[in-house]
Amino acid sequence: MWKVDVIGKYMKIKVLISFLVIVLTFPSIGQWLNIKIGETVYWWATNCLLLFSFIAYKIKYNKYIPKLPIQIKLFMVYVILSAVYGCFMAESYWDWKLLINNFMIYLMPMCFYYVSISANLPIIIRRWCKFAIVAFWLLLPIMQFEAPGKFMIPFSFLIIFWPFIKGKWRYIIFFFFLTIFIFGTLGARSSVIRYLVCAVFSICFIYPQIFKKKVLKSISFIFLLSPIILFILGVTNVFNVFKIDEYLDINENEYEVQNAYGEKGEKESLTADTRTFLYLETISSSLNHNYFIQGHSLARGYESPWFRSTDLTSYSRGERDASEVSILNIYTYMGIIGVVLYFMIFLGAVAYVFKYSQNYMMYVIACIVAFRWSFAWLEDFTRFDLNNLFLWIMISMCYSPYFLKMNNNQFRLWIKTLLYN
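Numbering of the sequence shown is given in my numbering, commencing with residue 271 and proceeding in unit increments.
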């Protein structure tokens, strides 16, 4: 792996990719800042440049790059087909805007070409961390509650390896990890959950004798299968996990926190069901308009009586371009075919790790990747941002022979390079 780093040490494209990831931080938090930063066309330009940089890197250094996994390849082919289909389905400016935006989002797996080489990811992390320390404090006065969690996504990756990190960065990472809870509050619970899961799995490195390979493998497949089982139970009216308060006879008002998005003092319930109606709307729309198999294309959303007013087109279709639930967006745009292909990526990633990995660290990464599949059924906004990028980075690691062939000692040395040259 070090040979690749020597060959590419002075490559300008590595500097460009690192810079573009830093730039990506701003649109990642733009929605949660008190002022508007940049225009959509500017962020589209940087997004396109980042994607083209991944392609350029592959073309120039193809012989060092692992083959794109068949699971990711099939998904990306279907994304392209869905985009072509969207060209025929688009009826207005807003449809074309949605098509372009979604096309870039679902091409993010192309980061595999760059980050699958183990020597490249530390370059991104090191440069981003130097930027983050200063930028966070400059932006903090204009941040809303949710922004710190969106800003610190690379630290959610680093917190996984916290037991191995020494020196000042050990304290810096822990400090910024705490800011997610201090500034985010439980009202921004999606960020809290993601960071907390990463922190919990870091405990595996402290007690590997308890969290053995078989245990982590079982946990991973529970994460992979549980949302499918719960979905089947939900649609058959046997058990709705989103209405757990009804089964346990919990009063919604007993578990209230400040709303991260609402007015000052406004409360929201942690046990309130905010997802069932989204599933009902999305599935009903697909059945009513007969696109449940192939999807509505990347250019069209789903028919939503609840959010009908958000339809900005002149056609008054009552469509909402996206929901808060990642898997529902994939279902809307690419149908059952897209959901199955997306699932195969996660299943393949986990299976690859537990079959081929020669180090313990990748078992933990596989567990977190499996968790993100489960979390996609609950939230995980579909955006071109750091959160989505680092999801694909972890998936790429699971498929990469550079990471899988490391032993434990080599992986510990690699962890050190994440923060130190």
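The beta-carbon is built from N, C-alpha and C at its ideal position, and this holds for glycine as well.
{"query": "Would you check if the distance between the CB atom of Gln628 and the CB atom of Asn558 is smaller than 8 Å?", "result": "no"}
{"query": "Going by Cα to Cα distance, which pick from Phe434, Asn371, Pro433, Ile635 is closest to Phe493?", "result": "Ile635"}
{"query": "If I follow the unbroken alpha helix (DSSP H) through Pro497, where does it start and stop?", "result": "483-505"}
{"query": "Could you name the residues of the same chain whose beta carbon sits closer than 7 Å to that of Thr652, not counting the 5 residues immediately before and after it, in chain order?", "result": "Ile375, Ala592, Ser596, Asn599"}
{"query": "So what does Glu551 bridge to, in DSSP terms?", "result": "Glu551 pairs with nothing; no bridge assigned."}
{"query": "For Trp366, report the span of its alpha helix (DSSP H) as first-last.", "result": "363-375"}
{"query": "If you reduce the DSSP assignment to three classes, tell me which class Leu213 lands in.", "result": "A query on residue 213 cannot be resolved here, the shown segment of the chain reaching from 271 to 691 and no further."}
{"query": "Between Val385 and Ile395, what straight-line distance do the alpha-carbon atoms span, to the nearest angstrom?", "result": "11 Å"}
{"query": "Could you check whether Gln564 and Ile615 sit closer than 8 Å to each other, using their CB atoms as the reference points?", "result": "no"}
{"query": "Exposed or buried, which one is Thr506 when buried takes at least 16 other CB atoms within 10 Å?", "result": "exposed"}
{"query": "With which residues is Glu573 paired in a DSSP beta bridge?", "result": "Glu589"}
{"query": "Using three-state DSSP, classify Met359 as helix, strand or coil.", "result": "helix"}
{"query": "Shortest alpha-carbon distance to Leu659 belongs to which of Ser426, Ile502, Tyr549?", "result": "Ser426"}
{"query": "For Thr687, which option in Phe431, Val620, Leu617 has the closest C-alpha, if you only look at C-alpha atoms?", "result": "Phe431"}
{"query": "Within 10 angstroms of the Cβ of Trp576, are there 16 or more other Cβ atoms? Answer buried if so, exposed if not.", "result": "exposed"}
{"query": "Taking the C-alpha atoms as reference points, what is the distance between Ile393 and Lys284?", "result": "8 Å"}
{"query": "In this structure, does DSSP put Lys675 in helix, strand or coil?", "result": "coil"}
{"query": "Could you tell me the distance, in whole angstroms, from the CA atom of Phe475 to the CA atom of Cys381?", "result": "27 Å"}
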